[in-house]
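**Q** I am attaching a structure below and will ask some questions about it afterwards.
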Ligand code: PPS
């Protein structure tokens, strides 16, 4: 076992010869395709960033980590790091004693020498990790959505690191980063964690922290799994790179951390601190609501604003890392400088810009003031988030069979093509079921899968600046919300509830399906013996008994214009 205090807490990678031999042997063992989170965990286990861990945790260590934030042997480690397996893989792995771990392309990256497989209870894990099971928390939602039945732990034998396609030169192992600091003669290093683009306030905070600690800066942004809706890593890294020269020649190093965040607040802050210590940092900036998960389903914060800071301060001697509390800085227009609130003038109060306001300005193309973001950073954000007029969008129609979804979608498509000259993709329910989802039936599971596929295609079209119109029944609220979340991350989303009443749909019955459903010939028919969850979040509701298709299309166009997607 590698010592917790070892400055070169090491890598779990085998030599080339050993790796080749393990690879050959692994052909006979069951294998597991790593999830996105597991792939991040594996990379950081293999390169020593998760030292003192030497593999995925077994049951006893997991329990101890959840209840004490320590491994069974007493060493500090707050985060359960496990493999999630399905039933079949779990029993095959148990029988073989080994499990080959593959990336999404099927490459074997490591072998797990199994110590234990045990049943996975997502609710227990959420309770143990966070003390609640609130699905508004993104990691709880992920745990509850997991199809795993078992967890597995054991010792890792590393064959190769996960491939880093994004900026490979900016990825370092702890040993590499420590060597770099040594080479530079840096003794004190203050690490800065972020999952956001860095604006001027962030820059000033890190500079102030470095000055007060007499340290150099390690910009250590997380580029693995962060909060849904975050600015994509590829965009953020460009911002960090542009900012770097402002620290001077030898002032800061940028290194990317492919970590899968759990958004576990104080517990996560402790974890981040241990990881930063492993990478050679001596100081760590912890601010308000570090690794905060957003608001609970009751609209309340999950943690107190300074809980994370206080928890890490409690353990900082044991970790060997000094906490630098993040100072709130405000822009003082009179001095054209960022100052602590107590030193700033009254005028600074009107110089604040929220994330929502920034997004609004990007959407409308309005100015991003220089006091807020350096021009080089603003330029990158502008390119990544063009004004709405240049963005793609999806109009998603939902409603009962024969409610008029397809007719409305066709009418809107014609108007869009004529008025804008732009190309439009129509993902109509029946067309999708012929081309994308021909093997699916109408169970809840199959309907959700059908909507997930439609959502995926629509989000890709939107991301590339195109226009997608979708017209499935989409009877379930959760599935529709998932599509909205995916699409809105990079463009516009308009939900249109085609709210024609069941009675009218049944009267129309153009395919004779309602008659068959009433006669019991077609089973599980939406509105008859299968549910339809009417949306509460639709931007527009259109009852086609009361309005002609062209007029309805006009209403949607008007909405798109008001929102800025059309001129
Ligand atoms: S879903 O729920 O969104 O996946 O449904 P969708 O892909 O839009 O497919 C709906 C069309 O399939 C026909 N059909 C049924 N609809 C609902 N329930 C059952 N059991 C069913 N069986 C077949 C029906 O013609 C729907 O087409 P539209 O255009 O909505 O009338």
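Numbering (our numbering), first residue to last: 1 to 567.
No residue lacks a Cβ here, since even glycine has one placed at the ideal position from N, Cα and C.
1. Within this structure, are the beta carbons of residue 46 and residue 198 separated by less than 8 angstroms?
2. What is the DSSP secondary structure of residue 493, reduced to helix, strand or coil?
3. Which complete beta strand (DSSP E) runs does the region 4-91 hold, if anything under 3 residues is left out?
4. May I have the straight-line CA-CA distance separating residue 234 from residue 216, to the nearest angstrom?
5. Kindly indicate which residue of 51, 540, 515 has the alpha-carbon position closest to the one of residue 275.
6. Does residue 284 come out as helix, strand or coil in the three-state DSSP assignment?
7. Consider the C-beta atom of residue 450 and the heavy atoms of the ligand PPS; say whether any pair is separated by less than 7 angstroms.
8. Is residue 582 near the ligand PPS, in the sense that its beta carbon is under 7 angstroms from a heavy atom of that ligand?
9. Does the ligand PPS have a heavy atom nearer than 7 angstroms to the CB of residue 475?
10. Can you tell me where the alpha helix (DSSP H) holding residue 133 begins and where it ends?
11. Residue 237 lies in the alpha helix (DSSP H); which residues open and close that run?
12. Would you give the residue range spanned by the beta strand (DSSP E) that residue 119 belongs to?
13. Let me know the secondary structure DSSP gives residue 189 once reduced to three states.
14. Tell me the rounded alpha-carbon separation between residue 76 and residue 208.
15. Go through its chain and collect everything with a Cβ distance to residue 227's Cβ below 8 angstroms, but skip five positions before and after it.
16. For a test of the three-state rule: what should DSSP assign to residue 396, helix, strand or coil?
17. Which class does residue 168 belong to by DSSP, given the choice of helix, strand or coil?
18. Assuming residue 564 and residue 364 make a contact with CB atoms under 8 angstroms, what is their CB distance in whole Å?
19. Would residue 498 and residue 345 be called neighbours here (beta carbons separated by less than 8 angstroms)?
20. Where does the unbroken beta strand (DSSP E) through residue 98 begin, and where does it stop?
21. Which partner residues does residue 154 have in the DSSP bridge list?
22. In the region 312-368, which residue ranges form an unbroken alpha helix (DSSP H) of at least 4 residues, counting only runs that do not cross its ends?
23. In the DSSP output, what is residue 540 paired with across the bridge?
24. By the DSSP assignment, the alpha helix (DSSP H) with residue 270 in it spans what residues?
25. Considering just the uninterrupted stretch of the beta strand (DSSP E) at residue 216, what are its terminal residues?
26. Taking 8 angstroms as the cut-off, decide whether the C-beta atoms of residue 321 and residue 384 are in contact.
27. Output needed for residue 517: all residues of its chain with C-beta closer than 6 angstroms, excluding positions within five of it in sequence on either side, in chain order.
28. Among 135, 409, 329, whose alpha-carbon lies nearest the alpha-carbon of residue 339?
29. I want to check one thing, is the minimum distance from the CB of residue 522 to the heavy atoms of the ligand PPS below 7 angstroms?
30. Quick one: using the 10 Å Cβ neighbour count with 16 as the cut-off for buried, is residue 521 buried or exposed?
31. Is it the case that the region 177-185 contacts the region 124-143, given that we only count it when at least three CB pairs across the two stretches are under 8 angstroms?
32. Does the beta-carbon distance from residue 394 to residue 462 come in below 8 angstroms?
33. Can we count residue 98 as close to the ligand PPS, meaning its CB is less than 7 angstroms from some heavy atom?
34. Can you find a heavy atom of the ligand PPS that lies under 7 angstroms from the Cβ of residue 543?
35. What do you get for residue 480, buried or exposed, if any count of 16 or more other CB atoms within 10 angstroms of its CB means buried?
36. I need the straight-line Cα distance from residue 306 to residue 287, nearest angstrom please.
**A** Inspection of the coordinates gives the following:
1. no
2. strand
3. 31-33, 83-85
4. 25 angstroms
5. 51
6. strand
7. yes
8. Summary: the structure shown does not reach residue 582, with the chain confined to residues 1 through 567, and so no result is reported for it.
9. yes
10. That residue, residue 133, is in no alpha helix (DSSP H); it is neither H nor E in DSSP.
11. 233-243
12. 108-119
13. strand
14. 30 angstroms
15. 138, 195, 261, 263, 293, 294
16. strand
17. helix
18. 6 angstroms
19. no
20. 98-102
21. 56, 114
22. 355-364
23. 496
24. 265-278
25. 216-219
26. no
27. 525, 528
28. 329
29. yes
30. exposed
31. no
32. yes
33. no
34. no
35. buried
36. 7 angstroms
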